[in-house]
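Numbering (the numbering used here), first residue to last: 682 to 838.
Cβ coordinates follow ideal geometry from the N, Cα and C atoms, glycine included.
This one's a predicted model, so the numbers in the text were calculated from it and none came from an experiment.
What follows is one structure encoded as structure tokens, with my remarks underneath.
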């Protein structure tokens, strides 16, 4: 499978991606726990069907010490006992924030309250921005059919 566009060869994309990747770095450096970031990025990418992001975030999480059991269970986190209450709240917020077209009300007050119980305002800000960031990246990759499987840990950091 070949990508429809090579973002790295485009001057326009190069300018935009420079700033976009800086935003991603700022999120990575945020006070939201790194494990939570990878789980959320993985779940958003699973929902959207972004293979290249699933490849990336599975490998990044594993390199950071995440277990294969937890990575395999992210797609079914509601039925899994291996996630903390805080992680479950973040995954729930990520799902509702990703599926806004499916829910007329977007993220419910109940889901927000569960997340706010575990994360301070700065972490919540990072979580919301991460969900939005991942949805954008997923769409950039899906629209142009970016191929998956070749990601190397640390490639974009």
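Measuring alpha carbon to alpha carbon, tell me which of 786, 764, 778 ends up nearest residue 817.
778
Nearest CA to the CA of residue 713: which residue from 833, 815, 799, 750?
799
Assess contact between the segment 782-793 and the segment 699-713, defined as three or more Cβ pairs (one per stretch) separated by less than 8 Å. Is contact present?
no
Give the straight-line distance between the Cα atoms of residue 682 and residue 727, rounded to the nearest whole angstrom.
20 Å
Should the segment 683-701 be regarded as contacting the segment 737-750, the criterion being three or more beta carbon pairs within less than 8 Å?
no
Short check: CB of residue 745 to CB of residue 716, under 9 Å?
yes
Report the residue from 694, 808, 823 whose alpha carbon sits nearest the alpha carbon of residue 708.
808
Measure the Cβ-Cβ separation of residue 821 and residue 775 and say whether it is below 9 Å.
no
In this structure, how does DSSP classify residue 841 when only helix, strand and coil are distinguished?
With the chain covering only 682 through 838, there is no way to say anything about residue 841.
As a quick exercise: from 786, 787, 725, pick the residue whose alpha carbon is nearest that of residue 757.
725
Expressed to the nearest angstrom, what Euclidean distance is found between the alpha-carbon atoms of residue 814 and residue 718?
11 Å
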